[in-house]
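Structure first, then comments.
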Amino acid sequence: MHVAIPLYPRFTALDAVGPYTVLAFAPGWRVTFVAPETGPVLDDRGSLSLTATTRLADLPHPDVILVPGGPGTLDALSDPALVGWIGAAHEHARWTTSVCSGSFLLGAAGVLRGRRATTHWGWLDQLAAFGAEPVSERVVTDGTVVTAAGVSAGIDMALTLLAEAADTATAQAVQLAIEYDPLPPFGAGSPKTAPAGLAERALSLIG
39 MHVAIPLYPR FTALDAVGPY TVLAFAPGWR VTFVAPETGP VLDDRGSLSL TATTRLADLP
99 HPDVILVPGG PGTLDALSDP ALVGWIGAAH EHARWTTSVC SGSFLLGAAG VLRGRRATTH
159 WGWLDQLAAF GAEPVSERVV TDGTVVTAAG VSAGIDMALT LLAEAADTAT AQAVQLAIEY
219 DPLPPFGAGS PKTAPAGLAE RALSLIG
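All residue numbers for the sequence shown refer to the numbering used here, where the first residue is 39 and numbers rise by one.
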């Protein structure tokens with residue numbers, strides 16, 4: 039199973055690296071970072087880059103598309119090479135997936151029309167503009183399209199995908215291998231459980 043993760047300037051690193059780690063550990067799975075041109079692509083903090091080793095044009099038909107999000111999504115929506123590649127690759131892919139605001143790139147490519155989908159809680163309602171039905175869940179599967187909520191939810195999405203595309207035992211083995219057993223120190227990971235007034239401060243960290 040060949041997974042393509044398209045990179046663009048100011049993507050959020052964990053959106054890409056979390057699912058990458060899950061799927062790269064899976065037996066028989068291969069993950070490739072792609073971009074319009076090969077080379078390093080800088081993340082949203084401006085201090086970490088991932089290297090696209092393959093051009094979009096050279097990997098037109100991956101088995102799995104995995105689109106990360108980040109503050110750079112807004113500019114990426116105007117990139118015809120990236121959006122066009124997602125739309126065309128989706129026609130042949132077994133699975134099309136996204137993390138966080140990466141779902142907006144799926145929407146721009148026409149993938150979400152008439153589908154249930156999710157994204158970061160701060161922008162969830164805006165998915166409706168792409169013809170999607172916004173769903174406030176950590177991972178949403180609609181047919182062969184799987185979307186994840188914000189950032190860390192990409193790990194859950196990748197494990198969900200692995201269980202569906204391979205089998206539950208493989209997904210469980212990968213989960214144990216990476217010791218994914220989250221026990222956060224605070225119950226502030228969702229606007230439903232976070233202290234009052236924290237949402238604005240949290241959103242200010244993302245831009």
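Backbone N, C-alpha and C fix where the C-beta goes; we use that ideal spot for every residue, glycine too.
These figures come from a predicted structure and were not determined experimentally.
Find the nearest neighbour of residue i within the set the options, judged by alpha-carbon distance.
i    : options                 : result
V72  : L97, P65 and G56        : L97
H40  : G56, Q210, L199 and V69 : V69
R93  : P106, G84 and A119      : A119
G17  : G66, Y46 and P222       : Outside the shown range of the chain, which is 39 to 245, sits residue 17, and nothing can be said about it.
H99  : D117, A126 and L214     : A126
T59  : L214, A207 and K230     : L214
I103 : A42, A209 and I216      : A42
Could you tell me which residues DSSP puts in a beta bridge with residue i?
i    : result
D81  : F49
D117 : Beta-bridge pairing links D117 to no other residue.
V137 : A186
T179 : V184
S87  : L80
E202 : E202 is not bridged to any residue.
E171 : R154
I103 : A42 and T134
R93  : A73
Report all residues from its chain with a CB closer than 8 Å to the CB of residue i; omit the five preceding and five following residues, and keep chain order.
i    : result
G181 : R153
Output yes or no for whether 8 Å exceeds the beta carbon distance between residue i and residue j.
i    : j    : result
V55  : T135 : no
R48  : G108 : yes
A203 : R151 : no
H128 : V149 : yes
V212 : D194 : no
A147 : V189 : no
S87  : P74  : no
V105 : L165 : no
P229 : W159 : yes
Would you mind sorting residue i into buried or exposed? The rule is 16 or more other CB atoms within 10 Å of its CB.
i    : result
P172 : buried
P57  : buried
P223 : exposed
Whose C-beta lies closer than 7 Å to the C-beta of residue i among residues of the same chain, with five residues either side of it excluded?
i    : result
T91  : T70, F71 and T76
L162 : T156, P172 and S174
Excluding sequence positions up to five away, which residues of its chain have a Cβ less than 6 Å from the Cβ of residue i?
i   : result
F63 : V212 and A215
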